[in-house]
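Chemist: My questions all concern the structure below.
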Amino acid sequence: MKFERIEAPYWSPETNVASLMLQVLAALVPAAIAHVWYFGPGFIFNLLVAGIFAIAGEAFIMWVRGRPPEAALSDFSALVTAALLAFALPSLTPWWVTATGALFGVVVAKHLYGGLGFNIFNPAMAGYVVILVTFPMYLNLWVAPRMGDIDYQHLTIIQTLTFTLTGNLPDALTFDAVSRATPLDVMKSGLNNMATATEIRANPVMGDFGGRGWEWIGNFLAFGGFWLLIKKIIRWQIPVGVGIGLLGPAMIMYLVDPGTSPGPGFHLFAGATILCAFFIATDPVSAATSPKGRFVYGLGIGFLIWCIRRWGSYADGVAFAVLIMNMAVPVIDYLTRPQIVGHEPKEETSG
Amino acid sequence: MSAPTYDLGKLHGGLRLQANKKESTAQPILEVPVPSQLILPIEQHVGQPAQPVVGIGDHVLKGQPVAEPDGELGAPIHASSSGTVVAIERWPVSRRRGDKAPCIVIECDGKDEPAPGTVDEDYKSLAPADLLLRILDGGIVGLGGAVFPTAQKLMQARTCETEFLILNGVECEPYISCDDVLMRERAPAILSGAQVLMHALQLDACYVVVESDKPEAIARIGEVLADLNDSRIVLKQVPTIYPSGGEDQLVQLVTNRQVPSGGLPTDVGCIVQNVGTAAAVHDWILHNEPLISRITTISGDGVVSPVNIRARIGTPIAEVIEFAGGYTDNVKHLIIGGPMTGKSVSTDEVPLVKASNCVLAVTAAPSTGDELACVRCGDCAAVCPVQLLPQQLFWYACADDEEKLREFGLTDCIECGCCDLVCPSHIPLTADFRMAKGRIRELADEKSRADRARRRFEARNLRLEQEQHDREAELTRQKESAKRAGPAEIAEILKRKQQEKKDDPS
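Residue numbers (our numbering), protein chains in the order written: chain A, -16 to 334; chain B, 7 to 512.
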């Protein structure tokens, strides 16, 4: 009897890229709901705009590259990029701003480097930084979180949609009436104005740790992140590295000089720390790949976030920290190779 | 002295795979009758193929050697039953490279008439060296699948400071259960074989290592050990993780010592033998039966009733499967060996050989889908038992970067297939690494040839240069002495030269 030959191992693989990406998206759902609750429906519009342009951009660039678009689209990685970008943007963002970021992330940062697996930089963060340098003013339009005791100007769904599509607020309203400085902005400008951290924390947007609303979104992001850890879709080294890299120096400076240094709790919950630790820095393609390397990579990102927040001109530093560490990945990977079983411990070699 | 106790070492990575062994262990070992024709490949072991010592038309008896080892490493092949040699020709076999190999074909006479032989009733009276030579005659090779000639492995271990014998009853690959049923049904033979091996090695420490998912085997070995009352032998349980049954992995697991890269377990004081090999040693030394049959697992969704069979070496797989209940209608692939490391064959004409621990018939190839680009998730590195970085190796394999492949330990890869299974991009890493290893071997061969040629060339250049140099030195010396010499002396020299010319007219 004749048989068809196949290659070992004769065992079906346990997972696939699409399912990994879908699980990452699923892990973001609780935080997305919290985001809509605190900052209004703008998040959904941003997500839709980013998703549509990420997918359209990917389909287009695959067509340009002479490859079947469905090959790239079926892995859902463009949707993850879109979702992360939507989390990074204020809920009031005109569509062309979001579209610019999504297109740059997918087309330039990902596909011009060869597509998923070959990109050096995190596509979502590359897209965010392009927005940061091209449309800086829109990134300041964070509406105030929905908290009873804050003077909150409510925008309806229609008004939010109108803004997303046109960039115009209803006639009666000004930007100042609907937007609030983020806790990180308040901290930064406060410290620049010689206020002490304790004084600044009296501002009602600050909440218990890192800002009203932000804290709860952070909790839900961490919840999703832990779920990914349990499912072994991400490993602990990067989140823990980011945590230690950021909170370590924050803790030390808080103990040394509490007047000018916000505490670790603030750093943890303010801005995009938790999003970065569990969802952005853990993008496997642009991260280091050995276990030790991942820890170092995470440490570097955390430390750079802290440096940028403390000394930089931007309020948050997640995007720059991630992109800078992306550049360091080849060196980190080279220097943190694990010890192969049966080999003598590596001698330190120069060069 | 009893076996020293070590804390169990920890294996890096590995996988917990669905075992699929229950199907084949449900019934006792099935004896397959002697087939009408036996096909005996002359290469059933690591080393040189054996040389046939029978001719076409010769009548052979069961257990009679039909091929003898040729060269330093090898094992004899015995007729698995009595009959007539009808051909020595190339026949389809299951092997890594090539589809056919020389085989001795025996037409069985059905009498199964054994060759006369002597039984060393008291092997303990034999000197270890003589016992090793006896074992060599039994044609015994490692039955775990690697088929390294047992006698030579033991001889090598005798030259090292070997501390203990490890009997491998781990059998970690899914589906395969031939060692499990062997331990259940023939535990006394295994332990008696262990005693023979310990005498041959002059060792007094032996571990019998069994995976925790074989409670029946563990209980049976334990019972027999209690009866035997031999404190030198210790039963050890290890967790069920693939691939802890690999030789080096087992050594690491049991002794917490790492076999050095490119080295052997004896480098860290261990020698590993499969439990089946121990039973074969017992059969040969105490019952004069050379290695002419083995237990093989027949399983997979392509056979009607999965079972363990005992068949004569050389029985065509087709007959084995038929006897075991036959294929299902939709069978599509036939694999000799386990699902992780076995070899897919194109025909069931291939014979059952000493290495065949398992025959899998399956109805569908694993659904791998399209191969995507590596996303560097690192799961492959997390499961690699040798702690390689398969994702990096894959890059270098694509780039054919030999130097980097060596640096990142490609030659340490044991081809267990764990990385393949966890790869979300479904990259056939193991197949890629196997190919890259082949290329490295080719390159090394080419390089050594080129090196030899270069060395010859350089040596020749050096010789020519030296000659040239010597000539010049001689010339200068003569010129110098001519300068120093006075006219009378020059005349003297000239006269001598002329005299020399006359003496030597050539």
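Cβ atoms here follow ideal geometry from the backbone N, Cα and C, with glycine treated the same way.
Is the beta carbon of A387 of chain B sitting closer than 8 Å to the one on S162 of chain A?
Modeler: Translated into the one-based positions of the second sequence, residue 387 of chain B becomes position 381. Translated into the one-based positions of the first sequence, residue 162 of chain A becomes position 179. No; because the gap between Cβ atoms is not below 8 Å, this pair is not in contact.
Chemist: H94 of chain A CB to nearest chain B CB: under 8 Å?
Modeler: As a first step, residue 94 of chain A is located in the first sequence; it is residue number 111 there, counting from the start. No, H94 of chain A lies away from the interface with chain B (no Cβ there is under 8 Å from its Cβ).
Chemist: Tell me where the alpha helix (DSSP H) around E413 of chain B begins and ends.
Modeler: For this step, residue 413 of chain B is matched to residue 407 along the second sequence. Element bounds for E413 of chain B: E408 to E413.
Chemist: If we ignore side chains and look at the alpha-carbon of each, how far apart do I263 of chain A and T145 of chain A end up?
Modeler: Translated into positions along the first sequence, residue 263 of chain A becomes position 280. Translated into positions along the first sequence, residue 145 of chain A becomes position 162. Using only the alpha carbons, I get a separation of about 30 Å.
Chemist: Could you pull out every residue in the same chain whose Cβ sits closer than 7 Å to the Cβ of E331 of chain A, ignoring the five residues on either side in sequence?
Modeler: Locating residue 331 of chain A in the first sequence gives position 348, where the first residue counts as 1. Confidence at E331 of chain A is low in this model, with a pLDDT of 46, below 50, so its placement is unreliable and the value that follows should be read with caution. Answer for E331 of chain A: no residue qualifies.
Chemist: What does G415 of chain B reach in chain A if we use C-beta pairs closer than 8 Å?
Modeler: As a position in the second sequence, residue 415 of chain B is number 409, starting the count at 1. In chain order: I323 and H326.
Chemist: Return helix, strand or coil for H250 of chain A, following the three-state DSSP convention.
Modeler: As a first step, residue 250 of chain A is located in the first sequence; it is residue number 267 there, counting from the start. Helix, per DSSP.
Chemist: According to DSSP, is V60 of chain B helix, strand or coil?
Modeler: Your numbering for residue 60 of chain B matches position 54 in the second sequence. V60 of chain B: coil per DSSP, three-state reduction.
Chemist: Would you list, in chain order, the members of the segment 424 to 458 of chain B that have their beta-carbon closer than 9 Å to a beta-carbon of chain A?
Modeler: Result list: C424, D426, L427, V428, C429, P430, S431, H432, P434, T436, A437 and R440.
Chemist: Quick check on K338 of chain B - is its C-beta less than 8 Å from some C-beta in chain A?
Modeler: For this step, residue 338 of chain B is matched to residue 332 along the second sequence. Yes, its Cβ sits closer than 8 Å to a Cβ of chain A.
Chemist: Could you name the residues of chain B that L62 of chain A contacts, counting a contact when the two beta carbons are closer than 9 Å?
Modeler: Walking along the first sequence from the start, residue 62 of chain A turns up at place 79. None at all; the shortest Cβ gap to chain B is about 15 Å.
Chemist: What does a CB cutoff of less than 7 Å around P98 of chain B pick up in its chain, not counting 5 residues either side in sequence?
Modeler: Within the second sequence, the letter at position 92 stands for residue 98 of chain B. So the qualifying residues of the chain are D105, K106, T353, E355 and V356.
Chemist: By the DSSP assignment, the beta strand (DSSP E) with L366 of chain B in it spans what residues?
Modeler: Counted from its first residue, the second sequence places residue 366 of chain B at position 360. Note, L366 of chain B: beta strand (DSSP E), C364 to V368.
Chemist: Are the segment 436 to 446 of chain B and the segment 395 to 407 of chain B touching by the rule of at least three beta carbon pairs closer than 8 Å?
Modeler: Yes, since at least three Cβ pairs between the segment 436 to 446 of chain B and the segment 395 to 407 of chain B fall closer than 8 Å, the two stretches touch.
Chemist: Using 8 Å as the threshold, is the C-beta distance between Y333 of chain B and L21 of chain B below it?
Modeler: Here the question's residue 333 of chain B lines up with position 327 in the second sequence. Here the question's residue 21 of chain B lines up with position 15 in the second sequence. No, Cβ-Cβ distance for Y333 of chain B and L21 of chain B is not below 8 Å.
Chemist: Run the CB neighbour count on H94 of chain A, radius 10 Å, all protein chains shown included, and call it buried at 16 or more, exposed below.
Modeler: Position 111 of the first sequence, counted from the first residue, corresponds to residue 94 of chain A. It counts as buried.
Chemist: DSSP beta-bridge partners for Y181 of chain B?
Modeler: The sequence position of residue 181 of chain B within the second sequence is 175, counting from 1. Answer is none; Y181 of chain B lacks a bridge partner.
Chemist: According to DSSP, is W97 of chain B helix, strand or coil?
Modeler: Position 91 of the second sequence, counted from the start, is the residue given in the question as residue 97 of chain B. The answer is strand: DSSP assigns W97 of chain B an E or B state.
Chemist: With three or more beta-carbon pairs closer than 8 Å as the criterion, would you say the segment 172 to 186 of chain B touches the segment 23 to 41 of chain B?
Modeler: Contact between the segment 172 to 186 of chain B and the segment 23 to 41 of chain B is present, because at least three Cβ pairs lie under 8 Å.
Chemist: Can the beta-carbon of L8 of chain A be found closer than 8 Å to that of A66 of chain A?
Modeler: Taking the first residue of the first sequence as 1, we reach residue 8 of chain A at position 25. Taking the first residue of the first sequence as 1, we reach residue 66 of chain A at position 83. Against a cut-off of 8 Å, the Cβ pair of A66 of chain A and L8 of chain A comes out as a contact.
Chemist: For Q43 of chain B, list the residues DSSP reports as bridge partners.
Modeler: Here residue 43 of chain B is taken as the residue at index 37 of the second sequence, counted from 1. Per DSSP, B:E113.
Chemist: Nearest chain A C-beta to A405 of chain B closer than 8 Å, yes or no?
Modeler: Position 399 of the second sequence, counting from 1, holds the residue named residue 405 of chain B. For A405 of chain B, the answer is no, since every Cβ of chain A falls outside 8 Å of its Cβ.
Chemist: Could you round the C-beta distance between N174 of chain B and V240 of chain B to whole angstroms and report it? I think they count as a contact, below 8 Å.
Modeler: Taking the second sequence and counting its residues from 1, one reaches residue 174 of chain B at position 168. Taking the second sequence and counting its residues from 1, one reaches residue 240 of chain B at position 234. About 14 Å separates the two Cβ atoms, so there is no contact after all.
Chemist: Taking C-beta pairs closer than 8 Å, name the residues in chain B that V268 of chain A reaches, listed in chain order.
Modeler: The residue you call residue 268 of chain A lines up with position 285 of the first sequence. Going along chain B in sequence order, the residues near V268 of chain A (Cβ under 8 Å) are V381 and R382.
Chemist: Using a Cβ cut-off of 8 Å (strictly closer), state whether P(-4) of chain A contacts chain B.
Modeler: Residue numbering aside, residue -4 of chain A sits at position 13 when the first sequence is read from its first letter. It does: the Cβ of P(-4) of chain A has a partner Cβ on chain B nearer than 8 Å.
Chemist: Of all the residues that make up the segment -8 to 16 of chain A, which are near chain B by a beta-carbon distance shorter than 8 Å?
Modeler: So the close ones are P(-8), Y(-7), W(-6), S(-5), P(-4), E(-3), T(-2), N(-1), V0, S2 and L3.
Chemist: Roughly how many angstroms lie between the CA atoms of Q70 of chain B and L46 of chain B, to the nearest whole one?
Modeler: Sequence index remark: in the second sequence, residue 70 of chain B carries index 64 (1-based). Sequence index remark: in the second sequence, residue 46 of chain B carries index 40 (1-based). Rounded to the nearest angstrom, the two C-alpha atoms are 13 Å apart.
Chemist: Could you give the DSSP three-state label for P52 of chain A: helix, strand or coil?
Modeler: What you label residue 52 of chain A is simply residue 69 of the first sequence in a count that begins at 1. Residue state, collapsed to three classes: helix.
Chemist: Does the CB of L99 of chain A have a neighbour CB from chain D at under 8 Å?
Modeler: The structure shown contains no chain D; its protein chains are A and B.
Chemist: Thinking C-alpha only, which one of A:W197, A:L72 and A:G325 is nearest Y111 of chain A?
Modeler: Residue mapping note: residue 111 of chain A aligns to position 128 of the first sequence, counting from 1. Looking at the Cα atoms, A:L72 is the closest of the given residues.
Chemist: Which residue's Cα is closest to the Cα of G188 of chain A: A:A33, A:G88, A:A82 and A:Y21?
Modeler: Numbered from 1 along the first sequence, position 205 holds the residue referred to as residue 188 of chain A. Residue identity check: residue 188 of chain A is Val in the sequence provided, not Gly. It is A:Y21.
Chemist: What does the Cβ neighbour count give for I291 of chain B, buried or exposed, with the cut at 16 atoms within 10 Å?
Modeler: Start at 1 with the first residue of the second sequence, and residue 291 of chain B comes out as number 285. Result: buried.
Chemist: So is S269 of chain A buried or exposed if we call it buried at 16+ other beta carbons inside 10 Å?
Modeler: In the first sequence, residue 269 of chain A corresponds to position 286, counting from 1. The residue in question, S269 of chain A, is buried, as its Cβ has 16 or more Cβ neighbours within 10 Å.
Chemist: Around the Cβ of Y317 of chain A, are there at least 16 other Cβ atoms within 10 angstroms (buried) or fewer (exposed)?
Modeler: Along the first sequence, read from residue 1 onward, the residue named residue 317 of chain A stands at position 334. Result: exposed.
Chemist: Is there at least one Cβ from chain B nearer than 8 Å to K214 of chain A's Cβ?
Modeler: Along the first sequence, one-based indexing puts residue 214 of chain A at 231. So no, K214 of chain A is outside the interface.
Chemist: With a floor of 4 residues, list each alpha helix (DSSP H) that falls wholly inside the segment 261 to 327 of chain A, ordered by position along the chain.
Modeler: Entirely contained in the segment 261 to 327 of chain A, the alpha helix (DSSP H) runs reaching 4 residues are, in chain order, 274 to 294 and 301 to 318.
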